[in-house]
Each structure stands twice: as C-alpha cells, then as structure tokens.
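In full-length UniProt numbering, the protein residues as written are 1 to 70. Note that the Cβ used here is the ideal one computed from N, Cα and C, for glycine as well. Keep in mind that this is a model prediction, so the values were computed, not measured. As structure tokens, the structure follows; a few thoughts come after it.
Printed below as a string of structure tokens:
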C-alpha cells in the first residue's frame, strides 16, 4: 500500500472516531458505503479522488483540509 493510502486510511479513522461515528453513520454522512469505508480504513482499498471528495464533504472539510495540506 502506498504511503498516501496509509495516510488516508488513518485520517479517515481518526476523523470518524473524533466525531464518534460508526461506519453506518459515516456512510449516511458521506454517501460512501460502509463496506468501502471499512476497506479504506483497513488499507484493503485505495479510494478514488471522487471518493475522497465525498468523504471530505461528509466531514464538512475541504479536500485540502481533509488531507491536512498547508
């Protein structure tokens, strides 16, 4: 797995836990299936840019903020 995939997986899990959201709640907020979210968190799937944008929007973050870019 590429280091960006590891970062995204850890960032997703961190944000989800910080919100106190289950995978089901995260699915509802992002429009990304909980099976895909779980695969991303476990590093089993590399999300597309469109998926990362949906996840970012679900957390009310810009893509830049989700990726924590300065």
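Check: Reduced DSSP secondary structure (H/G/I, E/B, other) of residue 38; Outcome: helix
Check: Limits of the alpha helix (DSSP H) - the one that residue 18 falls within; Outcome: 3-19
Check: Straight-line Cα distance separating residue 5 from residue 11; Outcome: 10 Å
Check: Residue 61 in three-state terms, based on DSSP; Outcome: coil
Check: 8 Å Cβ shell around residue 29 - same chain, five flanking residues per side excluded; Outcome: 21, 58, 59
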